[in-house]
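Residue 0 is where the sequence shown starts when you use numbering that gives the first Met the number 0, and the numbers rise one by one after that. Idealized CB from N, CA, C, for every residue including glycine. Notes follow once the structure below has been shown.
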Amino acid sequence: MSLTANWNYPTSIRFGVGRIAELAEVCRSQGIQRPLLVTDSGLARAPITTAALESLRAAGLGVALFCDLKPNPIEANLAGGLDAWRAGKHDGVVAFGGGSGLDMGKLIAFMSGQTRPVWDFEDIGDYWTRADESSIAPIIAVPTTAGTGSEVGRAAVIIDERTHTKRIIFHPKMMPRVVISDPALTVGMPAKVTAGTGMDAFAHCLESYCAPGFHPMAEGIAVEGMRLVANALVRAVHTPSDLDARAQMLAAAAMGATAFQKGLGGMHALAHPVGALYDTHHGMTNATLMPYVLKFNRPAIEERITRLAAYLRLPSPGFDSFLAFVLKLRKDIGVPHTLFELGVDDKQIDLIADMAIVDPCAGGNPLPLTRTGAAEIFDAAFHGRL
């Protein structure tokens, strides 16, 4: 079966090995003549990035590069990107990279014509309606990791340094117009990044599947996304050149971000403050927290986890079998078993619990996430108690 396709859900996606060659044509199709390519500093000098820039220049497009990003972007990074946008008189963004490059590219395009502060568009109620949507610049997304799925998302995450919180900025037109999903671009990811981003995709699928509410379309996408991760992640980590595994993981990442329109939960609600306070990798933080949140939620999710275990063809379908699968998957790809091993201390447990229960993801947890419950999950994850 060919792993090359054009999809139109949830946006236009050109999927397959070698499709990065279509980047210039895609820019022109969206009326972009002077793209700003946004990526992180670590990726800026990588061959895949320089090749993309050269292809755009060869096509006669007035491209420039912006790469002054932290792994967890802050408002100063956004301000720098907007300065670069104005200086180059750009008319569109190529968001290129992992979560930070994709999110910041989307934010620059979104904020390029706004007059209000970025915080006025936080994903709360109808704040998004405050935006002048006619001034949102076109976005082309090119993921180089298989994890966040931000390439098919209508939101971006940025840290508010005043409160050390991760905030989600949302607008429907922040969705990239076209995505180029080329599995070959993910081959160069280090094993640790492949593992962390892959587990982020799995966490998106798992939490959306378990979130309360009626959304069978999202649940169907989520369970198939988890099957792809179960089939491909270990191979992608240990055999980086396996393009079949890379393709399955890239598809699973987009599926996770599509499915989590249904909701997320305690993993993300806790991972956000931990990441903001300790600058940990988001996907690896989710992966570390995963079994502890599963155990906490067991009374509310056992029946659906049993169905999931059957779909994944685990040896003995049931919650315990699925938990054992998660623990083995984490071990096979080098995920820390405890937050302590991740470099997190337990000195701010009360603050983390306070932040977790007001995180936008907390409302999607299968059981109500109280301050006591959030602290219990953190404490168990810190000490490794299951």
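Per-residue burial, residue i [other beta carbons within 10 Å of its own, 16 or more giving buried]
{"i": "ASN5", "result": "exposed"}
{"i": "ASN7", "result": "exposed"}
{"i": "TRP118", "result": "exposed"}
{"i": "LEU293", "result": "buried"}
{"i": "ILE139", "result": "buried"}
{"i": "HIS280", "result": "buried"}
{"i": "HIS382", "result": "exposed"}
{"i": "THR49", "result": "exposed"}
{"i": "LEU385", "result": "exposed"}
{"i": "LEU350", "result": "exposed"}
For residue j and residue i, believed in contact at Cβ under 8 Å, the rounded distance
{"i": "ALA217", "j": "LYS261", "result": "4 Å"}
{"i": "GLY195", "j": "GLY264", "result": "With 8 Å as the limit, GLY195 and GLY264 do not qualify as a contact, their Cβ atoms being about 19 Å apart."}
{"i": "HIS258", "j": "HIS203", "result": "Looking at the sequence provided, one finds Ala at residue 258 rather than His. Indeed, because the Cβ distance is near 7 Å, the residues count as touching under 8 Å."}
{"i": "GLY91", "j": "ALA145", "result": "At roughly 24 Å, the Cβ-Cβ gap does not stay under 8 Å, so GLY91 and ALA145 are not in contact."}
{"i": "VAL151", "j": "ALA23", "result": "The pair is not a contact, with the Cβ atoms about 22 Å apart (cut-off 8 Å)."}
{"i": "ALA246", "j": "PRO182", "result": "4 Å"}
{"i": "GLN32", "j": "LEU60", "result": "6 Å"}
Proximity to residue i [Cα-Cα], best of the options
{"i": "PRO189", "options": "ALA63, GLY59, ASP278, VAL236", "result": "VAL236"}
{"i": "THR185", "options": "PHE95, GLU160, HIS271", "result": "PHE95"}
{"i": "GLY282", "options": "ILE31, GLY197, SER133, LEU328", "result": "GLY197"}
{"i": "THR371", "options": "ALA355, MET254, TYR277, PRO137", "result": "ALA355"}
{"i": "THR305", "options": "GLN347, LEU205, THR144, LEU385", "result": "LEU205"}
{"i": "ILE12", "options": "ARG44, ALA250, SER111", "result": "ALA250"}
{"i": "MET289", "options": "GLY255, TYR126, LEU338, ALA252", "result": "LEU338"}
{"i": "LEU101", "options": "PRO142, ARG115, GLY124, ALA20", "result": "PRO142"}
{"i": "SER111", "options": "GLU121, ILE19, GLY98, HIS89", "result": "HIS89"}
{"i": "ARG234", "options": "SER99, THR193, ILE376, PRO211", "result": "THR193"}
Beta carbon proximity, residue i to chain C, threshold 9 Å
{"i": "PRO211", "result": "This model lacks chain C altogether, as it is built from one protein chain only."}
According to DSSP, residues forming a beta bridge with residue i
{"i": "GLY388", "result": "Absent from the structure is residue 388, since the part of the chain shown begins at 0 and ends at 385."}
{"i": "ASP159", "result": "THR164"}
{"i": "SER240", "result": "None, per the DSSP bridge assignment."}
{"i": "VAL178", "result": "ILE12, ALA140"}
{"i": "ILE73", "result": "ILE158"}
{"i": "TRP118", "result": "According to DSSP, which records beta bridges pairwise, TRP118 is partnered with nothing at all."}
{"i": "PHE169", "result": "ALA154"}
{"i": "TRP127", "result": "For TRP127, which the question treats as bridged, DSSP gives no partner whatsoever."}
Assigned secondary structure, residue i (DSSP; H/G/I helix, E/B strand, else coil)
{"i": "GLU1", "result": "Per the sequence shown, residue 1 should be read as Ser rather than Glu. Reduced to three states, the DSSP call for SER1 is coil."}
{"i": "GLY148", "result": "coil"}
{"i": "GLU21", "result": "helix"}
{"i": "LEU64", "result": "strand"}
{"i": "GLU340", "result": "coil"}
{"i": "PHE381", "result": "helix"}
{"i": "PHE259", "result": "coil"}
{"i": "GLY96", "result": "strand"}
{"i": "PHE213", "result": "coil"}
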